[in-house]
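Position 17 of the sequence shown, counted from 1, bears residue number 551 in this note's numbering, the numbering being contiguous throughout.
Built from N, CA and C at the ideal position, the CB exists for glycine as well.
As the structure is a computational prediction, the values presented were derived from the model and not from experiment.
These notes concern the structure reproduced below.
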Amino acid sequence: MTFNIEDLRTSDLERADHPRLKAAARTIQELRPDILLVNEMTYDVRGVPGFSDADGPGQNARRFVQRFLAVSQGSGLEPLTYNTFSPATNTGVSSGLDLNNDGAVATSFPLPDPSDSDGSAPSQTAAQRAYGNDSWGFGTFPGQYAMALFVAPHLSIVRDSIRMFQLFRWADMPGALRPMNADSLTSWYSDAEWSAMRLSSKNHVDVPVRLPDGRILHVLASHPTPPAFDGPERRNKLRNHDEIRFWIDYVADREYFVDDSGRAGGLATGASFVIVGDLNADPDEGSSHGNPARKLLDAPAVSGDFVPTATEAGISAFPELDPDDTAEWGLRIDYVLPSRDLTVLDGGVRRPLSSEERASDHFPVWLDLQIPVNQ
């Protein structure tokens, strides 16, 4: 299952009565996924409110389990516990470069404000946006908009085999879509900036999960930048395309990949996988460049035929949306996409039926998968 909980901050997890987190935990306890990716969960780092020197960085997933998922959120709802993995993120990490070409380099972030009393994230200031626009990935403070993986106790994360591509350079992708100034046909990024620019706006991670019988399922998680908030150079649209193309090439075992530990190559041919996350691209509508979502759905190794949809009640609650839309603004952008050796038994888009159930501007997307015995 994948669930974008919308700008979940470290300080939010300190509030046991946080309405959005309680609603999110209630939904998760109802759906009870074995594997869950949460997008937009802050990766807590030193210097940002809520960080604990005693605990160290990347502890928010554990806090969410202990303070919300492990506590029943309603009558008949059993608590849940998970093993967790929280990768570092490029969002809010200063590049030291003028990536938005406004003539200034923003390297200091304003301290983030706490969420509103109803749990909503505060509005961004001009200074916060300026800092975010010069970061490797847009974030108004380090660690914002990160992600976390939750794996049920009967499964295990093979931690020494995790691959991360936070540092992978955009220019190292063959045929990378380099943004160009529309009026002069010169590069938006200088040669030095382009050679340093990271592809992933957050991170691309391959997390092997060992099943009870010893087989491995690779959880491929990411959260590409929205194809918006740019100009005629289309830098975010092009980056979104190539962030999604990353997985198309990775599951085809293209050779150009080098992860952050120096290991080369893509995913081994025949390996079972599931691609999860908010990809910020709809295959049928929206503002993405080159329809990368459709390309991913049609990739030879990907089983993209099954389309999760909302229940009849969920469709009635949001009559302005298509049945497969996963965001309140009317796009299918959140995905759970298995490899072709896996069988999809069921799936859906879970929409809140009341304001009390609303946890985010995204809806969780889930699949029930069957993994072949003779793998």
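Exposure of residue i, with buried meaning 16 or more beta-carbon neighbours within 10 Å
{"i": "Tyr577", "result": "buried"}
{"i": "Pro613", "result": "exposed"}
{"i": "Pro898", "result": "buried"}
{"i": "Asn634", "result": "buried"}
{"i": "Ser586", "result": "exposed"}
{"i": "Asp541", "result": "buried"}
{"i": "Tyr790", "result": "exposed"}
{"i": "Trp670", "result": "buried"}
{"i": "Ser668", "result": "In the sequence as presented, Ser is not what sits at residue 668; that position holds Asp. Result: buried."}
{"i": "Pro742", "result": "buried"}
{"i": "Asn715", "result": "exposed"}
{"i": "Arg797", "result": "exposed"}
{"i": "Arg554", "result": "buried"}
{"i": "Asp636", "result": "exposed"}
Chain-order list of residues whose beta-carbon lies under 6 Å from that of residue i (same chain, five-residue window excluded)
{"i": "Gly592", "result": "Tyr577, Ser620"}
{"i": "Pro872", "result": "Val808, Ser837, Leu903"}
{"i": "Asp805", "result": "Per the sequence shown, the amino acid found at residue 805 is Ala instead of Asp. The residues are His752."}
{"i": "Asp858", "result": "Val841, Thr843, Arg866"}
Inter-residue CB distance, residue i and residue j (contact presumed, cutoff 8 Å)
{"i": "Arg874", "j": "Pro817", "result": "Their Cβ separation, rounded to whole angstroms, is 18 Å, which puts Arg874 and Pro817 out of contact at 8 Å."}
{"i": "Ser735", "j": "Arg703", "result": "Rounded, the Cβ-Cβ distance is 13 Å, inconsistent with contact."}
{"i": "Tyr723", "j": "Pro713", "result": "7 Å"}
{"i": "Ile696", "j": "Val739", "result": "7 Å"}
{"i": "Val883", "j": "Thr860", "result": "6 Å"}
{"i": "Ala550", "j": "Arg601", "result": "6 Å"}
Where the alpha helix (DSSP H) containing residue i begins and where it ends
{"i": "Gln563", "result": "553-565"}
{"i": "Glu777", "result": "769-784"}
{"i": "Ile849", "result": "846-851"}
{"i": "Tyr665", "result": "660-667"}
{"i": "Glu862", "result": "Looking at the DSSP string, Glu862 is not in any alpha helix (DSSP H), and its letter there is neither H nor E."}
{"i": "Leu830", "result": "826-831"}
{"i": "Asp880", "result": "Where Asp880 is concerned, there is no enclosing alpha helix (DSSP H), although the beta strand (DSSP E) it sits in stretches over 877-883."}
{"i": "Trp900", "result": "Run containing Trp900: none in the alpha helix (DSSP H); it sits in the beta strand (DSSP E), 899-904."}
{"i": "Glu727", "result": "725-730"}
{"i": "Phe598", "result": "594-598"}
Rounded C-alpha distance that separates residue i from residue j
{"i": "Ala755", "j": "Gly765", "result": "28 Å"}
{"i": "Ala802", "j": "Asp839", "result": "23 Å"}
{"i": "Ser888", "j": "Gly584", "result": "31 Å"}
{"i": "Gly800", "j": "Ala893", "result": "35 Å"}
{"i": "Ser936", "j": "Asp793", "result": "Any question about residue 936 goes unanswered here, given that the chain covers just 535 to 909."}
{"i": "Glu846", "j": "Gly608", "result": "23 Å"}
{"i": "Thr843", "j": "Glu854", "result": "14 Å"}
{"i": "Ala666", "j": "Thr625", "result": "A small correction: the amino acid at residue 666 is Gly; Ala does not occupy that position in the sequence shown. Approximately 8 Å between the Cα atoms of the pair."}
{"i": "Gln654", "j": "Asp895", "result": "In the sequence as presented, Gln is not what sits at residue 654; that position holds Ser. Roughly 11 Å between the two C-alpha positions."}
{"i": "Leu565", "j": "Ala710", "result": "39 Å"}
{"i": "Asp832", "j": "Val907", "result": "25 Å"}
{"i": "Leu547", "j": "Ser795", "result": "31 Å"}
{"i": "Trp900", "j": "Lys556", "result": "19 Å"}
{"i": "Phe537", "j": "Arg768", "result": "27 Å"}
{"i": "Ser721", "j": "Ala680", "result": "29 Å"}
{"i": "Phe852", "j": "Arg885", "result": "8 Å"}
{"i": "His757", "j": "Gly673", "result": "13 Å"}
{"i": "Arg693", "j": "His752", "result": "12 Å"}
{"i": "Val785", "j": "Ile691", "result": "20 Å"}
{"i": "Gln700", "j": "Val627", "result": "11 Å"}
{"i": "Thr641", "j": "Leu631", "result": "8 Å"}
{"i": "Val841", "j": "Asn594", "result": "31 Å"}
{"i": "Leu876", "j": "Leu570", "result": "17 Å"}
{"i": "Glu862", "j": "Ala661", "result": "28 Å"}
{"i": "Leu689", "j": "Arg744", "result": "6 Å"}
{"i": "Ala705", "j": "Leu733", "result": "8 Å"}
Close Cβ partners of residue i (< 8 Å) along its chain, the five nearest in sequence each way excluded
{"i": "Lys829", "result": "Ile778, Arg779, Ile782"}
{"i": "Val582", "result": "Thr544, Thr576, Leu645, Pro646, Phe675, Pro676, Gly677"}
{"i": "Trp599", "result": "Note that residue 599 is Val in the sequence shown here, rather than Trp. Result list for Val599: Leu614, Thr615, Tyr616, Thr618, Phe684, in chain order."}
{"i": "Pro760", "result": "Asn770, Asn774, Asn814"}
{"i": "Val605", "result": "Ala559, Pro613"}
Close-in-space but distant-in-sequence residues of the same chain around residue i (CB under 7 Å, 5 per side omitted)
{"i": "Ala762", "result": "Asn770, Ser821"}
{"i": "Ala827", "result": "Ile778, Leu813, Ala815, Asp816, Pro817"}
{"i": "Arg596", "result": "Thr618"}
{"i": "Gly824", "result": "His775"}
{"i": "Thr659", "result": "Pro644"}
{"i": "Asp652", "result": "Pro553"}
Proximity test, residue i beta-carbon vs the ligand SAH heavy atom, cut-off 7 Å
{"i": "Ile849", "result": "What this structure holds is no ligand at all, so the ligand SAH is not there to describe."}
CB contact check: residue i to chain B, cutoff 8 Å
{"i": "Ser609", "result": "Of the protein chains in this structure there is only one, and it is not chain B."}
Element boundaries [beta strand (DSSP E), containing residue i]
{"i": "Asn573", "result": "569-575"}
{"i": "Ala682", "result": "681-685"}
{"i": "Ile539", "result": "536-542"}
{"i": "Leu754", "result": "750-755"}
{"i": "Arg744", "result": "739-744"}
{"i": "Thr618", "result": "617-619"}
{"i": "Pro872", "result": "868-872"}
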